[in-house]
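This note's numbering applies: residue 1 is where the sequence shown begins, and numbers increase by one.
See below for the structure under consideration.
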Amino acid sequence: MGDWRLKLSFQIDIDIHILYFGYNDHSIFTEKWVKGVAQAIMSSKKEKLLNVSEDLFYLHGFHAIGLKRIITDADVAIMTLYNHFASKEDLIVEVLLRREQRYLEQLRLYADNKAKSVFLNLAEGHAKWLMEHEARGCLFLRAKEEFGADPNHVIVQTVNGHKKHLITLIKKSDPEANDRSIMQFMLLLEGSTALAETENVKEVCRELIHMTQNSFNS
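Here's what the structure looks like:
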């Protein structure tokens with residue numbers, strides 16, 4: 001038998017190390033397989049960066065957290081971060097968009113319950129979100145507070161877009177709802193999020209459901 005040769009492939013710019021074995025210079029894994037593994041590792045590292053960043057931003061704010069803290073907590077190289085995000089602003093935007101996607105998807109799942117009114121379904125979905133996350137307020141509004149000096153800032157525009165997307169979801173879920181009812185319901189959602197920072201979140205959620213039932217009983 002010939003000698004097995006250990007080949008080490010380095011992709012330093014994306015912080016990926018792939019080991020694979022070859023026999024007489026012929027890899028036992030295809031190039032497609034190796035690239036697939038590389039992409040999976042890249043995706044995993046990006047996900048870790050997003051998770052760590054979201055937690056840090058939520059706990060400490062956006063300006064207070066630098067990229068060095070993020071890569072340290074995520075245990076990745078700085079080049080890995082820049083391979084996925086051109087800047088800290090790009091990272092923040094993707095953190096917000098990913099959080100929005102999770103939140104709106106949860107509301108959509110609740111809105112599909114035909115046994116209750118749309119507003120009550122959405123209130124229950126919002127309450128579940130508040131219960132599952134530490135009550136530290138709205139990450140989007142906190143982002144606007146820190147970057148709101150420039151109304152054209154990409155992060156401010158992302159926050160404004162999030163609120164519009166929520167209104168659009170409500171309208172699609174209940175096409176018969178008028179603008180005034182939607183605005184009143186938005187006040188309940190935003191108010192419960194803010195109050196959950198200082199009051200018992202279970203009580204806040206209970207009152208959110210109660211007020212929704214009383215205000216939108218159709």
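Ideal placement from N, C-alpha and C gives every residue a C-beta, glycine not left out.
Among residues of its own chain, excluding the 5 on either side of residue i, which ones have a beta-carbon nearer than 8 Å to its beta-carbon?
| i | result |
| --- | --- |
| residue 94 | 50, 85 |
| residue 103 | 129 |
| residue 187 | none |
| residue 52 | 70, 73, 74 |
| residue 167 | 182, 186 |
| residue 164 | none |
Which residue wins for smallest C-alpha separation from residue i, given the options the options?
| i | options | result |
| --- | --- | --- |
| residue 219 | 73, 170, 44, 132 | The structure shown does not extend to residue 219, since the chain spans only 1 to 218, so no value can be given for it. |
| residue 61 | 121, 144, 170, 98 | 144 |
| residue 189 | 172, 210, 175, 88 | 210 |
| residue 228 | 202, 201, 156 | The displayed coordinates of the chain run from 1 to 218. Any statement about residue 228 would go beyond what the structure contains. |
| residue 204 | 212, 119, 192, 146 | 192 |
| residue 131 | 198, 202, 215 | 202 |
| residue 174 | 110, 214, 194, 197 | 110 |
| residue 142 | 212, 83, 197 | 197 |
| residue 106 | 169, 161, 177, 160 | 169 |
Should residue i go down as buried or exposed, given a rule of 16 or more other Cβ atoms within 10 Å for buried?
| i | result |
| --- | --- |
| residue 127 | buried |
| residue 45 | buried |
| residue 63 | exposed |
| residue 40 | In this prediction, residue 40 scores a pLDDT of 47, lower than 50, which makes its location untrustworthy; no coordinate-derived value is stated. |
| residue 257 | The structure shown has nothing for residue 257, since the chain only spans 1 to 218. |
| residue 59 | exposed |
| residue 124 | buried |
DSSP three-state label for residue i, please.
| i | result |
| --- | --- |
| residue 156 | helix |
| residue 117 | coil |
| residue 136 | coil |
| residue 87 | coil |
| residue 226 | With the chain running from 1 to 218 in the structure shown, residue 226 is simply not present. |
| residue 66 | coil |
| residue 214 | helix |
| residue 61 | coil |
| residue 220 | Shown here, the chain extends from 1 to 218; a query on residue 220 therefore has no answer. |
CB-CB under 7 Å to residue i, same chain, minus the five flanking residues each way: which ones, in chain order?
| i | result |
| --- | --- |
| residue 91 | 53, 85 |
| residue 290 | There is simply no residue 290 to check, as the chain begins at 1 and stops at 218 in what is shown. |
| residue 99 | 54, 139 |
Give every residue of the same chain whose Cβ lies closer than 6 Å to the Cβ of residue i, excluding the five residues on either side of it in the sequence, and list them in chain order.
| i | result |
| --- | --- |
| residue 48 | 74 |
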